[in-house]
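K.L.:
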Amino acid sequence: MTYQSQLTRLGLFDARVPRYTSYPTAPHFGGGVTPEVFAGWIGAIPAGEAISLYMHVPFCRRLCWFCACRTQGTHSDDPVIAYAETLKTEIAMLKAHLAPGVRLARLHWGGGTPTMLSAGLIGELAGRIFDAVPLAPDAEFSVEIDPNEVDAARLDALTAAGMNRASIGVQDFDPLIQKTIGREQSYELTRDVIAMIRERGVHSLNADILYGLPHQTRARIADSVQKLLSLGPDRVALYGYAHVPWMSRRQQMIPSDAMPTPQERLALFETARDLFVADGYDEIGIDHFALPSDGLATAQKAGRLRRNFQGYTDDVAPVLVGIGASSISRFPQGYAQNASGTADHTKAIRAGAFSTHRGHVFSAEDRLRGRLIEALMCDFRIDRAEILADCDVTPDRLDSMFADVAEAFGNMVRVDAAGLSIPAEGRPLTRMIARAFDAYDQTRAQHSAAI
80 MTYQSQLTRL GLFDARVPRY TSYPTAPHFG GGVTPEVFAG WIGAIPAGEA ISLYMHVPFC
140 RRLCWFCACR TQGTHSDDPV IAYAETLKTE IAMLKAHLAP GVRLARLHWG GGTPTMLSAG
200 LIGELAGRIF DAVPLAPDAE FSVEIDPNEV DAARLDALTA AGMNRASIGV QDFDPLIQKT
260 IGREQSYELT RDVIAMIRER GVHSLNADIL YGLPHQTRAR IADSVQKLLS LGPDRVALYG
320 YAHVPWMSRR QQMIPSDAMP TPQERLALFE TARDLFVADG YDEIGIDHFA LPSDGLATAQ
380 KAGRLRRNFQ GYTDDVAPVL VGIGASSISR FPQGYAQNAS GTADHTKAIR AGAFSTHRGH
440 VFSAEDRLRG RLIEALMCDF RIDRAEILAD CDVTPDRLDS MFADVAEAFG NMVRVDAAGL
500 SIPAEGRPLT RMIARAFDAY DQTRAQHSAA I
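Numbered according to the working numbering, the sequence shown terminates at residue 530, and the numbering increases by one at each position without gaps.
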């Protein structure tokens, strides 16, 4: 049996599975986590704790057709200005519930397009955040930057506020593909914005690129990857484009007949991966690459790599607080998500309440299965001794879980006294193997393709 036929037999090219940036995944959140519960979890953060904070800006000047994120387009700055006022109020509410001395280990601004904020609003929001939760020494402040929607004044404001890592969305440099997905952004513009960022002393750079796009071929993705490599990013996320037009109406603008087959998607991924590895990048998990000096590579080597809503991270803070519409927070107790709609979120904040509208309280079983899945997604291995020491599970039950997975995936997993691992040839199946440890019903959730 050939390698590809074995992957076919195991269902790789047909399966739709979660990306496992959380466990349980967001479709399984429920209504039991209220604004009062969220406020209690905020108040329970110990004094002096280092936490992470994510701020969501849902606005874009134009809506890219490929994107399935919660965003809204606006040509006017008025909604953005009004939303910033809501964020200021939300930050003040957060401050009122925090114990003394809580500080920020990580701050990330995402969207949408955070760089739609004016230079003045950037400074005001950063000031309000740091007044509520000061930056810890060696903290990381990262911002998603759209090269089409940024200028010198906004970059000056971001660097003055303390931004020390920038994230640039590339997707693909091919003009035909850019036009087809509604995201026209030239290599020259991207290069010039990166130069402006580095001129301001920000030398840590993330970049996102997609495989599986319409009209994408191995030659085209190779050309885009080589152009990206010429820009020298410290880390790269190589995400598989999720074509879900039944969930994201804007994706209906993209011709489905121009999409590569699942087998072609695997070839596109492998082409890009081989180029990153040949250029000296370490493979990080299933879809990230990092220079050996980058924090992700260091975390992977030390066994500290983690998975969160932004993908792979070296952030080990026990709490991630999300502010803004649709943001998700993670606490030791569970997940809490803000109202998804900007209007609903604003209404709650203006009424003096957090907008939490759903979430999930962890059970001991969630913690066990969540850790098993995260270990596979990050390290391609589950350390049996670690799980037995840290989780509520007996040796016999854990061994039985391993045996079930080994029976389902054969030589694509290995089980021994140390635990369960995925060899290199089985790694395209990682999300499917992780799903085998998922106790929740996947039939009611519409996930992205497994490859």
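Quick reminder that beta carbons are idealized off the backbone N, C-alpha and C, glycines included.
1) For A168, collect the residues of the same chain with a Cβ closer than 8 Å to its Cβ; drop the 5 residues on either side in sequence, then sort them by chain order.
2) Is it right to say M326 is buried, meaning 16 or more other beta carbons lie within 10 angstroms of its own, or is it exposed?
3) Put D287 into one of helix, strand or coil per three-state DSSP.
4) In terms of DSSP beta bridges, what is Q250 paired with?
5) Using the rule of at least 16 other Cβ atoms within 10 Å of the residue's Cβ for burial, across every protein chain shown, is Y82 buried or exposed?
6) Out of A205, G90 and M456, point me to the one whose CA is closest to Q379's CA.
7) In whole angstroms, what is the alpha-carbon distance linking I452 and Y318?
8) Can you list, in chain order, the residues of its chain with a C-beta nearer than 7 Å to that of G498? Leave out the 5 residues immediately preceding and following it.
9) Where are the beta strand (DSSP E) runs, 3 residues long or more, that stay fully inside the stretch 196 to 269, in chain order?
10) Helix, strand or coil, according to DSSP, for V395 in the structure here?
11) For R514 versus P97, is the C-beta distance shorter than 8 Å?
12) Threshold first: 4 residues or longer. Then list the alpha helix (DSSP H) segments lying entirely within the stretch 391 to 438, N to C.
13) Three-state secondary structure (DSSP) at G449?
14) Report yes or no: do the stretch 481 to 493 and the stretch 431 to 450 share at least 3 C-beta pairs separated by less than 8 Å?
15) Taking just the CA atoms, how far does P226 sit from A161?
16) Between which residues of its own chain and P193 is the CB-CB distance below 7 Å, once the five residues before and five after are set aside?
17) DSSP three-state label for L132, please.
18) Residue range of the beta strand (DSSP E) that F368 falls in?
19) Going by DSSP, which residues form a beta bridge with D462?
20) Going by DSSP, what residue range makes up the beta strand (DSSP E) through L183?
21) Between the C-alpha atoms of A503 and G403, what's the straight-line distance to the nearest angstrom?
22) If we count the other Cβ atoms within 10 Å of its Cβ and call it buried at 16 or more, is H154 buried or exposed?
23) Quick one: what's got a C-beta closer than 7 Å to L237's C-beta in the same chain, skipping five residues either side?
24) Are M347 and Y290 touching if we call contact CB-CB under 8 Å?
25) Assuming G401 contacts Y102 under a Cβ cut-off of 8 Å, what Cβ separation, rounded to an integer in Å, is found between them?
P.N.:
Reading from the atomic positions:
1) Along the sequence shown, one-based indexing puts residue 168 at 89. The question names Ala, but residue 168 is Thr in the sequence shown. So the list reads I428 and R429, once near-sequence residues are dropped.
2) Reading the sequence shown from its first residue, position 247 is the one you call residue 326. Label assigned to M326: exposed.
3) Position 208 of the sequence shown, counted from the start, is the residue given in the question as residue 287. If DSSP states are grouped into helix, strand and coil, D287 belongs with the strands.
4) For the purposes of this step, residue 250 is taken as the residue at position 171 of the sequence shown. DSSP, once it has assigned bridges, lists I288 as partnering Q250.
5) To locate residue 82, count along the sequence shown from 1; it is residue 3. Classification for Y82: exposed.
6) Residue 379 sits at position 300 when you count from the first residue of the sequence shown. Selected option, being the one with the closest Cα: M456.
7) The sequence position of residue 452 within the sequence shown is 373, counting from 1. The sequence position of residue 318 within the sequence shown is 239, counting from 1. Answer to the nearest angstrom: the Cα atoms are 19 Å apart.
8) Stepping through the sequence shown from its first residue, residue 498 is reached at position 419. Excluding residues within five positions, the ones whose Cβ falls inside 7 Å are R460, I461, D462 and R463.
9) 214 to 224 and 244 to 250
10) As a working mapping, residue 395 is identified with position 316 in the sequence shown. Of the three classes helix, strand and coil, the one that applies to V395 here is coil, per DSSP.
11) Numbered from 1 along the sequence shown, position 435 holds the residue referred to as residue 514. Numbered from 1 along the sequence shown, position 18 holds the residue referred to as residue 97. Yes, Cβ-Cβ distance for R514 and P97 is below 8 Å.
12) 421 to 429
13) As a position in the sequence shown, residue 449 is number 370, starting the count at 1. Correct three-state label for G449: helix.
14) no
15) For the purposes of this step, residue 161 is taken as residue 82 along the sequence shown, with counting starting at 1. For the purposes of this step, residue 226 is taken as residue 147 along the sequence shown, with counting starting at 1. For A161 and P226, the distance between alpha carbons rounds to 24 Å.
16) The sequence position of residue 193 within the sequence shown is 114, counting from 1. Here the set comprises V136, V222 and E223.
17) Counting from 1 along the sequence shown, the entry for residue 132 is found at position 53. If DSSP states are grouped into helix, strand and coil, L132 belongs with the strands.
18) Against the sequence shown, residue 368 aligns to sequence position 289. Run containing F368: H367 to A369, per the beta strand (DSSP E) assignment.
19) Counting from one through the sequence shown, the residue named residue 462 turns up at place 383. Paired residues: G498.
20) Locating residue 183 in the sequence shown gives position 104, counting from the first residue. Unbroken beta strand (DSSP E) run through L183: R182 to G190.
21) Position 424 of the sequence shown holds residue 503. Position 324 of the sequence shown holds residue 403. Cα to Cα, the separation comes out at about 40 Å.
22) Position 75 of the sequence shown, counting from 1, holds the residue named residue 154. Its Cβ having fewer than 16 others within 10 Å, H154 is exposed.
23) Locating residue 237 in the sequence shown gives position 158, counting from the first residue. Cβ neighbours of L237 beyond the five flanking positions: I201 and V222.
24) Stepping through the sequence shown from its first residue, residue 347 is reached at position 268. Stepping through the sequence shown from its first residue, residue 290 is reached at position 211. Checking the displayed sequence, the identity of residue 347 turns out to be Leu instead of Met. Yes.
25) As a first step, residue 401 is located in the sequence shown; it is residue number 322 there, counting from the start. As a first step, residue 102 is located in the sequence shown; it is residue number 23 there, counting from the start. About 17 Å separates the two Cβ atoms, so there is no contact after all.
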